[in-house]
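Colleague: Under my numbering, think of the first position of the sequence shown as 5, with each following residue one higher.
All C-beta atoms in this analysis are idealised placements derived from N, C-alpha and C, irrespective of residue type, glycine included.
Please read these numbers as outputs of a predicted model, since none were measured by experiment.
Quick one: structure below, then a few questions.
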Amino acid sequence: MASGPFQGRYRESERYGKAALIDVETTGLDRQRDEVVELAVVLFLYDRTTGRIVDVLDEYTSLRDPGRPIPKSATAVHGIDDRDVRGKRLDDRRVLALLGQAEFLVAHNAAFDRAFIERLYPQVKRKPWVCSMNGIPWKEMGFSSRALQSLMHNHSIVSRKAHRGANDALATLSLLGRQDKEGRYYFQYLLEQYEGKRLAAKAVSSQKVVATDPSKPKENEVLKEPALAGNAKPVRLLYSLVLWPVRVLTGHVNHARWRSRSV
């Protein structure tokens, strides 16, 4: 188990869940054209009932060569320059292993981080995301800003270097482990957001299954006698007297069976 600010003993059970906190530093703000220069992933354990952050399970941080010069404007924000990233690569297998263990992903301004992560790892496009910037009513609680650095200051959270992947990720996790004035963990707000998305996705999936169930007869379905070629009166007579009643009876029986399974 990795060291971290939330060390503690716990027992694996349905009470606990795993999520991953993500932070990326980039060459700019264009989600389609800019590139990741640093990635941080923190896999953590949480209490499903209370929203309490229980433990940091694993961490991964690495610089990444974007294959292009890093603009000075970006370096001014995160302090990463071309020399820092030259020849650096992400351990894709390690990253995917961590993301694969998480039920959902968390980021501060998740729409930004998500765009870059899904470009790097399209395998996780179906993974749910929640946002610690927009998913918690910070301003309604009296905070003047939702920006991470401002919220850290309000909660006396100190980070060695602002706008660096690992530091921002752990600072965000520390923030989510704090409580509001009513004693509710901030992470509980995000957990409820995730549960809402999960239930909505499950409902949509169930509707698709019912809509495409081939065993379900259509409402008010009328069985039609098939058209027969001309000059086929003997065949038509045989069909009308023997085969057609059998088909109708079979259709009613199958419908009754389906109805009994649906009740």
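Less than 8 Å between C-beta atoms, sequence neighbours within five positions excluded: which residues of the same chain meet that for Arg130?
Modeller: none
Colleague: Helix, strand or coil for Thr30 per DSSP?
Modeller: DSSP, read as helix, strand or coil, puts Thr30 in strand.
Colleague: To the nearest angstrom, report how far apart Arg68 and Met156 are at their CA atoms.
Modeller: 27 Å
Colleague: Is there contact here, the region 116-123 with the region 32-42, by at least three beta-carbon pairs under 8 Å?
Modeller: yes
Colleague: Among all the DSSP beta bridges, which residues are the ones paired with Trp133?
Modeller: Leu109
Colleague: Give me, in chain order, the residues of the same chain whose beta-carbon lies closer than 7 Å to that of Ile57; leave out the 5 immediate sequence neighbours on both sides.
Modeller: Phe10, Phe48, Tyr50, Leu177, Leu180, Gly181, Phe191
Colleague: Do Phe108 and Ala204 have their CB atoms nearer than 8 Å?
Modeller: Taking the C-beta atoms as reference points, Ala204 is found no nearer than 8 Å to Phe108.
Colleague: If I follow the unbroken alpha helix (DSSP H) through Val81, where does it start and stop?
Modeller: Val81 -> alpha helix (DSSP H) spans 76-82.
Colleague: Report the residue from Val89, Ala78, Tyr64, Thr79 whose alpha carbon sits nearest the alpha carbon of Leu100.
Modeller: Tyr64
Colleague: Mark Arg19 as exposed unless 16 or more other C-beta atoms lie within 10 angstroms of its C-beta, in which case mark it buried.
Modeller: Counting other Cβ atoms within 10 Å of its Cβ, Arg19 stays below 16 and is therefore classed as exposed.
Colleague: In this structure, how does DSSP classify Lys92 when only helix, strand and coil are distinguished?
Modeller: coil
Colleague: Relative to the C-alpha of Gly55, which residue among Lys206, Ala207, Lys201, Asp184 is closest?
Modeller: Asp184
Colleague: Look at the alpha carbon of Glu42 and the alpha carbon of Leu102, and state the distance between them as a whole number of angstroms.
Modeller: 16 Å
Colleague: Using the C-alpha atoms, what's the distance from Gly83 back to Pro73?
Modeller: 14 Å
Colleague: Do Leu33 and Ala173 have their C-beta atoms within less than 8 Å of each other?
Modeller: At the C-beta level, Leu33 and Ala173 stay beyond 8 Å of one another.
Colleague: With 16 as the cutoff for other CB atoms within 10 Å, does Glu186 come out buried or exposed?
Modeller: exposed
Colleague: Would Gly139 be called buried (16 or more neighbouring beta carbons within 10 Å of its own) or exposed?
Modeller: buried
Colleague: Quick check on the burial criterion: 16 or more other C-beta atoms within 10 angstroms. Buried or exposed for Pro70?
Modeller: buried
Colleague: Near Asp86, what residues of its chain come up, given a Cβ to Cβ distance below 8 Å and the 5 sequence neighbours on each side ignored?
Modeller: Pro73, Ile74
Colleague: Tell me which same chain residues have a C-beta within less than 6 Å of the C-beta of Ala78, skipping the five on either side of it?
Modeller: Thr31, Gly32
Colleague: Could you check which residue in Gln211, Val89, Ser136 has the C-alpha nearest to that of Glu196?
Modeller: Glu196 has its Cα closest to that of Ser136, out of Gln211, Val89, Ser136.
Colleague: Could you check how far apart the C-beta atoms of Ala44 and Asp27 are, in whole angstroms? I think they sit under 8 Å.
Modeller: 5 Å
Colleague: Go ahead and label Val134 buried or exposed: buried means 16 or more other beta carbons lie within 10 angstroms of its beta carbon, across all protein chains shown.
Modeller: buried
Colleague: Using C-beta distances below 7 Å, list every residue in its chain close to Arg188, excluding the 5 sequence neighbours before and after it, in chain order.
Modeller: none
Colleague: Name the two residues that bound the continuous beta strand (DSSP E) containing Ser17.
Modeller: Unbroken run through Ser17: none, as it is neither H nor E.
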